[in-house]
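Novice: Submitted below is the structure of interest, expressed as structure tokens.
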Amino acid sequence: MTAVTIKRVVRETPDIYTLYLPAVTGAHPGQYVMVWIPGIDEVPMSLSTIGSPSSITVRVVGDATRALSQLGKGDKVGVRGPFGNSYTLKGRRPLLVGGGTGIASLAPLAEEMAAKGVKPTLLIGAHSRDQLLFKDRLSRLLGPRLMVSTDDGSEGYHGYASNYTAELMAKTKFDHAYVCGPEIMAAKIWAEAERLGVPVQASLERLCKCAVGLCGSCAIGPYRVCRDGPVFNSAKLREVVADFGKRRMDASGRMIRVDH
Ligand SMILES: Cc1cc2nc3c(=O)[nH]c(=O)nc-3n(C[C@H](O)[C@H](O)[C@H](O)COP(=O)(O)OP(=O)(O)OC[C@H]3O[C@@H](n4cnc5c(N)ncnc54)[C@H](O)[C@@H]3O)c2cc1C
Ligand code: FES
């Protein structure tokens, strides 16, 4: 673990904050770091910027994420990583779909694709307009290829990102889909992509404690999300279909549903 000093904090939405950190070296889009907040907890966070500085983008959901959101320039956190696998660049006409903070792990992927001459179509989904993450950053990169959906219709397509994705996939022949966000959204998009024969890479979230495949808290089927994921391709998603979009382990080891 390395103790690092926060360089800058940006409030992105009412409850999402980006913390800029010194470069996390050797990282690729889709990977995550374990961030330790002294006296509180250590939590996994995707890298939302890769390079110098690097960044994490945090939605406040509990004690650790609230504590992170209250830190500022000059405060210190502990960082381990990068961990996990990364997205594999595939296809000439990819579709990227990020729901909520899921866009944090997809934004660096879109930037890497654009740097390599592939302009993806990217859909940002959120509950409402004020929750849309990285819209300006991605609009500068992708122009009209950036799509937006909001559940309440306050901006862009009115409805769930999974429904809009199905409409987009019916109109345009994408040759690969990348998904990160609420698991129910990812599972619906995967099911539609399977029907159309479009390969998928989906980034999954499970409770991560050790991050190195030892404790088992992040198990899904035969895999450990922390080490074998977080990115699962279609072949691996087929193997974990009993759990994907349906259930996960909570902090006490009980299986709880995620299909809502
Ligand atoms: C690989 C990976 C990358 C992640 N990247 C990001 C990111 O970029 N930005 C971000 O805001 N969050 C991300 N998360 C989720 C983040 O780690 C959790 O929200 C955080 O650990 C919650 O800690 P807490 O103490 O604030 O809340 P807690 O009190 O621990 O949890 C609050 C609620 O969130 C649920 N929860 C906690 N952790 C997870 C999890 N891993 N999967 C599903 N549900 C969970 C709990 O069951 C509870 O209902 C990522 C998780 C993983 C595994
Ligand atoms: S977090 Fe311990 S095995 Fe994955």
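In terms of this note's numbering, the sequence shown is residues 355 to 614.
From the three backbone atoms N, C-alpha and C, an ideal C-beta is built for every residue, glycine too.
(1) Under 6 Å Cβ to Cβ from Ala381, same chain only, skipping five residues before and after it: list those, please.
(2) Alpha carbon to alpha carbon, how far is Leu550 from Gln485?
(3) So which of Gly583, Ala458 and Val554 has the shortest CA-CA distance to Val566?
(4) Spatial neighbours of Lys473 within its chain, please: C-beta separation below 8 Å, excluding the five flanking residues on both sides.
(5) Rounded to the nearest angstrom, how far is the Cβ of Pro383 from that of Pro462, given a contact under 8 Å?
(6) Provide the residue span of the beta strand (DSSP E) that contains Ala548, from first to last.
(7) Are the beta-carbon atoms of Gly479 and Gly507 separated by less than 8 Å?
(8) Buried or exposed for Ala556, going by 16 or more other Cβ atoms inside 10 Å?
(9) Answer with buried or exposed for Pro536, where buried requires no fewer than 16 other C-beta atoms within 10 angstroms of its C-beta.
(10) What I want to know is whether the C-beta of Cys580 ends up closer than 7 Å to one or more non-hydrogen atoms of ligand 2.
(11) Pull up the DSSP beta-bridge partners for Pro398, would you.
(12) Tell me whether Gln385 is buried or exposed, calling it buried when 16 or more other Cβ atoms sit within 10 Å of its Cβ.
(13) Given 7 Å as the limit, tell me if Tyr386 has its C-beta closer than that to any heavy atom belonging to ligand 1.
(14) Taking all protein chains shown into account, decide if Glu521 is buried (16 or more other Cβ within 10 angstroms of its Cβ) or exposed.
(15) Beta carbon of Ser571: closer than 7 Å to some heavy atom of ligand 2?
(16) Any chance the CB of Gly583 is under 7 Å from a heavy atom of ligand 2?
(17) Ligand 2 and Ala565: does any heavy atom of the ligand fall closer than 7 Å to the residue's C-beta?
(18) Can you check whether the CB of Leu422 is closer than 8 Å to the CB of Leu375?
(19) Taking the CB atoms as reference points, tell me whether Gly575 and Glu593 lie closer together than 8 Å.
(20) Counting Cβ pairs closer than 8 Å, one from the segment 502-518 and one from the segment 527-545, do we hit at least three?
(21) Which residues mark the beginning and the end of the beta strand (DSSP E) in which Cys534 is found?
(22) Identify the residues that DSSP records as bridge partners of Tyr577: which are they?
(23) Quick test of your reading: Cys562 and Pro398, contact by CB under 8 Å. State the CB separation rounded to the nearest angstrom.
(24) Roughly how many whole angstroms lie between the Cα atoms of Asp604 and Ala573?
Specialist: Reading from the atomic positions:
(1) Indexing the sequence shown from 1 puts residue 381 at position 27. Excluding sequence neighbours, Ala381 sits near Leu401, Ile404 and Pro436.
(2) Position 196 of the sequence shown holds residue 550. Position 131 of the sequence shown holds residue 485. Computed Cα separation, rounded: 30 Å.
(3) Here residue 566 refers to the residue found at position 212 of the sequence shown. For Val566, the nearest C-alpha among the options comes from Gly583.
(4) Within the sequence shown, the letter at position 119 stands for residue 473. Cβ neighbours of Lys473 beyond the five flanking positions: Met467, Leu496 and Arg499.
(5) Against the sequence shown, residue 383 aligns to sequence position 29. Against the sequence shown, residue 462 aligns to sequence position 108. The Cβ separation is near 4 Å, so the contact holds.
(6) Translated into the one-based positions of the sequence shown, residue 548 becomes position 194. It should be pointed out that residue 548 corresponds to Glu in this sequence rather than to Ala. That residue, Glu548, is in no beta strand (DSSP E); its alpha helix (DSSP H) goes Glu537 to Leu550.
(7) By 1-based counting over the sequence shown, the position of residue 479 is 125. By 1-based counting over the sequence shown, the position of residue 507 is 153. Cβ atoms of Gly479 and Gly507: not closer than 8 Å.
(8) Position 202 of the sequence shown, counted from the first residue, corresponds to residue 556. Buried is the call here.
(9) Walking along the sequence shown from the start, residue 536 turns up at place 182. Looking at its Cβ environment, which holds 16 or more other Cβ atoms inside 10 Å, Pro536 is buried.
(10) As a first step, residue 580 must be located in the sequence shown, where it is residue number 226. Yes, the Cβ of Cys580 comes within 7 Å of a heavy atom of ligand 2.
(11) On the sequence shown, position 44 is the one that residue 398 refers to. In the DSSP output, where bridge partners are listed per residue, Pro398 has Met388.
(12) If you number the sequence shown from 1, residue 385 lands on position 31. Under this definition Gln385 is a buried residue.
(13) Along the sequence shown, one-based indexing puts residue 386 at 32. Checking every heavy atom of ligand 1 against the Cβ of Tyr386, one is found closer than 7 Å.
(14) Start at 1 with the first residue of the sequence shown, and residue 521 comes out as number 167. So Glu521 counts as exposed.
(15) One-based indexing of the sequence shown puts residue 571 at position 217. Yes; taking the cut-off as 7 Å, the Cβ of Ser571 has a heavy atom of ligand 2 nearer than that.
(16) Against the sequence shown, residue 583 aligns to sequence position 229. Outside the cutoff, so no.
(17) Residue numbering aside, residue 565 sits at position 211 when the sequence shown is read from its first letter. Indeed, a heavy atom of ligand 2 lies less than 7 Å from the Cβ.
(18) On the sequence shown, residue 375 is found 21 positions in, with the first residue counted as 1. On the sequence shown, residue 422 is found 68 positions in, with the first residue counted as 1. No, the Cβ-Cβ distance between Leu375 and Leu422 is not below 8 Å.
(19) Taking the sequence shown and counting its residues from 1, one reaches residue 575 at position 221. Taking the sequence shown and counting its residues from 1, one reaches residue 593 at position 239. Against a cut-off of 8 Å, the Cβ pair of Glu593 and Gly575 comes out as a contact.
(20) yes
(21) Counting from one through the sequence shown, the residue named residue 534 turns up at place 180. Unbroken beta strand (DSSP E) run through Cys534: His530 to Cys534.
(22) Looking up residue 577 in the sequence shown gives position 223. Looking at the DSSP assignment, Tyr577 forms a beta bridge with Ile574.
(23) For the purposes of this step, residue 562 is identified with residue 208 of the sequence shown, where counting begins at 1. For the purposes of this step, residue 398 is identified with residue 44 of the sequence shown, where counting begins at 1. Indeed, because the Cβ distance is near 4 Å, the residues count as touching under 8 Å.
(24) Numbered from its first residue, the sequence shown carries residue 604 at position 250. Numbered from its first residue, the sequence shown carries residue 573 at position 219. The straight-line gap from Cα to Cα measures roughly 11 Å.
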